[in-house]
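Below is one structure, written out as structure tokens; the observations come after it.
Numbering (this note's numbering), first residue to last: 51 to 173.
Below, the structure written as structure tokens:
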């Protein structure tokens, strides 16, 4: 609950002053990994592409032609052997910014980025 309030206060501060208190902790790496994202509390999922990954989170681009404004939703990311829990912390025209519940190790990031194409996601 406190994280949600902090995110909203930071967004308000950024709108009013143009300054954000957000600072990125982990380096982002470009990638192209197709995943299925499930909204835990809402009971539905979405296929899409993760185009950036870091130890702390990812950017998910849904395959739909529209993006709904979401903030604070709990989600699960399914791709290959990965089943990751995250929270939506940002929504932009480029997709959803997801923060992992538990940070990935460098070895997990390497395995994620080099994962083979997930052609069976639609099944």
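Glycine included, C-beta positions come from ideal geometry on N, C-alpha and C. The structure displayed is predicted, hence computed values, not measured ones.
| query | Do residue 138 and residue 103 have their C-beta atoms within less than 8 Å of each other? | reply | no
| task | Could you tell me the distance, in whole angstroms, from the CA atom of residue 164 to the CA atom of residue 144? | result | Straight-line measurement puts the Cα of residue 144 at about 22 Å from the Cα of residue 164.
| said: For residue 138, list the residues DSSP reports as bridge partners. | reply: 148
| Nearest-angstrom Cα distance between residue 51 and residue 101? | For residue 51, the predicted model reports a pLDDT of 48, less than 50, meaning its position is unreliable and no value from the coordinates is stated.
| request: Over the uninterrupted beta strand (DSSP E) stretch that includes residue 42, give me the two end residues. | output: For residue 42 there is no data in the structure shown, the boundaries of the chain being 51 and 173.
| request: Compare the Cα-Cα distances from residue 131 to each of 60, 95, 67 and 84 and report the closest residue. | output: 84
| field | Distance, residue 95 Cα to residue 136 Cα | value | Between the alpha carbons of residue 136 and residue 95 lies a distance of about 14 Å.
| query | If we ignore side chains and look at the alpha-carbon of each, how far apart do residue 147 and residue 111 end up? | reply | 9 Å
| task | Leaving aside the five residues before and after residue 154 along the sequence, list all residues of the same chain whose C-beta is less than 6 Å from its C-beta, in chain order. | result | 105
| query | DSSP on residue 158, reduced to helix/strand/coil? | reply | helix
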